[in-house]
Amino acid sequence: MPSALTAVDINLPSESTGSPNGTLAIRVYAPAAGKARYPEGAPVVVQVQGGDASGFLGNNFPPEADDLVTIALVFPGGTDPITGRSSDGVYDHRGPQSIAALRDVILYAAGQLKDDQGRTIDDVVPVPVLHDNIGLIGFSNGGNIVVAVAALYGEELAPYLRYIIQWESPVSSQIATVDLGRVRMQCPAGKRGENNFVNPRYTAYGPYTLEVDYSDLAYDPSNPVFPIFHDGNGDGRYTTVVDPATGCKTPDLDLDGVLELDEDFPLGAYEDGVKRVYSRPVSHALAERDVFAGAWPADIATPEEADAYWDLREAVRLYDEALSKVPGLEGMVLASVQDHVQSTPDKPHIRQAFEGWRRNSAWVQINPDPAYLVEVFPRLKGRN
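And the structure:
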């Protein structure tokens, strides 16, 4: 069924761009006249992409959601890869300016802000907008900033924001940087190293921090991709072999499909525009174990810098403030049998997200009830 949405490109004035004259590139998708979900109008959902993407103006919803108003945005300094539309400013990798930009998009959806032509959202869409029924959906890493905006600006947003949906979101830094697995493989062009490797040093769950043995952390400055790693075989370098089935470099030296403690495990990082930012626990373990022998590399964030970075980007540490500022905010955590990134079978990121809502006595559910899915997608009837 083809989409019947009307798409409207908007330039939204926002001081999050760092300029009183700067604008954000957003796109509003609206139902056709008379096609809103409810007789009184259409709710609004703001979509936020995953990874470290600076923005995307596409619509990820199926046609069955064409009775909603949907908004997509480009963060300050970002560019939509499809249309080339850009937002003014400098991209701060989902930091304070990005969070403020998301706040302004929500306020625009609420009818509180106007575009650069002086129009409210009600002036540009063909259906009534339910300003007090706004939801946020964060895909993957987008599930952190949707909590951060409620934590930082909840008082302003409380009259309008009703719910947050997080799809397989890495709500703690160890999950975001994939410290537990899968392994990000180095492969020939056109090849993908699919794997479900789990870091065998992961020992226990925690609501904020997962227990991992960091005693074999190592640093190899000659490795441009994985300079920080668990050195299982103790040779001082990230050791791999070529998997003959894929041509990819794998740390699974015996090719048995399982990583053991005597095999290496690479550690990923996020970027702040200048430095590599490793997970909060890895950053502290590097210092505590003096991995750099007193000479901290200029291109790797210190523990203090990593803490400041993750303070705004770990939903596990933001739920309390978000839910205190937006009373009645509801949550849904979406999860699949096979996660799109993570390989740990106990899915600690899903548990961390669920418990973050529950410890604040908020309404939260993991996935919709099957009956609702079948009502919207009858073809799913009978599937497990």
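Numbering-wise, the working numbering puts 647 at position 96 of the sequence shown, and it's gapless, one number per residue. From the three backbone atoms N, C-alpha and C, an ideal C-beta is built for every residue, glycine too. Source: prediction; values computed, not measured.
(request) Would you check if the distance between the CB atom of D643 and the CB atom of P564 is smaller than 8 angstroms? (result) no
(request) Return the chain-ordered ranges of every beta strand (DSSP E) run that is complete within the segment 591-628 and spans a minimum of 3 residues. (result) 593-599, 620-624
(request) Look at the Cβ atom of V675, then the Cβ atom of A593, and state whether they are nearer than 8 angstroms. (result) Not in contact: V675 and A593 (Cβ atoms no closer than 8 angstroms).
(message) Since R842 and G907 should fall inside the 8 angstroms C-beta cutoff, what is the C-beta to C-beta distance between them, to a whole number of angstroms?
(response) Arg is not the amino acid found at residue 842; the sequence shown has Val there. The Cβ separation is near 31 angstroms, so there is no contact.
(message) Just to confirm, is the Cβ distance from I688 to Q598 under 8 angstroms?
(response) yes
(message) Within a Cβ cutoff of 8 angstroms, which residues of the same chain sit near V680, ignoring the five residues on either side of it in sequence?
(response) G592, A593, V595, V620, A660, G662, I672, D673
(request) Compute the Euclidean distance between the alpha carbons of F612 and D805, then round it to the nearest angstrom. (result) 43 angstroms
(message) Taking the alpha carbon of Q737 as the reference point, which residue from L924, G628, N746 has its own alpha carbon closest?
(response) N746
(message) I need the straight-line Cα distance from T853 to S830, nearest angstrom please.
(response) 11 angstroms
(request) Please work out which residues of its chain come closer than 7 angstroms, Cβ to Cβ, to Y860, disregarding the five sequence neighbours upstream and downstream, and give them in chain order. (result) Result list for Y860: D823, V828, A852, in chain order.
(message) Taking the alpha carbon of S570 as the reference point, which residue from P632, Y580, Q648 has its own alpha carbon closest?
(response) Q648
(request) Using DSSP bridges, identify the partner residues of S637. (result) T630
(request) Taking only beta-carbon positions, decide if T760 is within less than 8 angstroms of chain B. (result) Among the protein chains of the structure shown there is no chain B, as only one such chain exists.
(message) Taking the alpha carbon of I650 as the reference point, which residue from D871, L818, T568 has its own alpha carbon closest?
(response) T568
(request) Classify F690 as buried or exposed, calling it buried when 16 or more other Cβ atoms lie within 10 Å of its own Cβ. (result) buried
(message) My assumption, with CB atoms under 8 angstroms, is that V729 sits in contact with G629. Please give the rounded CB distance.
(response) Rounded, the Cβ-Cβ distance is 23 angstroms, inconsistent with contact.
(message) Just list the residues that DSSP pairs W718 with in beta bridges.
(response) F690, L885
(request) Specify the secondary structure class of N562 as computed by DSSP and reduced to three states. (result) strand
(request) Assess, as a yes-or-no matter, whether the segment 603-610 is touched by the segment 704-716 under the definition of 3 or more beta carbon pairs within less than 8 angstroms. (result) no
(message) If I measure Cβ to Cβ from T895 and keep anything under 7 angstroms in the same chain, skipping five residues before and after, which residues do I get?
(response) L731, G732, V749, Y753
(message) Between which residues of its own chain and V559 is the CB-CB distance below 6 angstroms, once the five residues before and five after are set aside?
(response) V579, V675
(message) Just to confirm, is the Cβ distance from G573 to G640 under 8 angstroms?
(response) yes
(request) Take P817 as the anchor and find which of P899, P802, A886, D807 has the nearest alpha-carbon. (result) Ranked by Cα distance from P817, the first of P899, P802, A886, D807 is P802.
(request) Drop a sphere of 10 angstroms on the beta-carbon of A844, count the other beta-carbons inside from all chains shown, and report buried for 16 or more, exposed for fewer. (result) Its Cβ having fewer than 16 others within 10 Å, A844 is exposed.
(request) Report the residue from G783, D858, Y770 whose alpha carbon sits nearest the alpha carbon of A846. (result) Y770
(request) With a threshold of 16 other CB atoms inside 10 Å of the CB of P775, please say whether the residue is buried or exposed. (result) exposed
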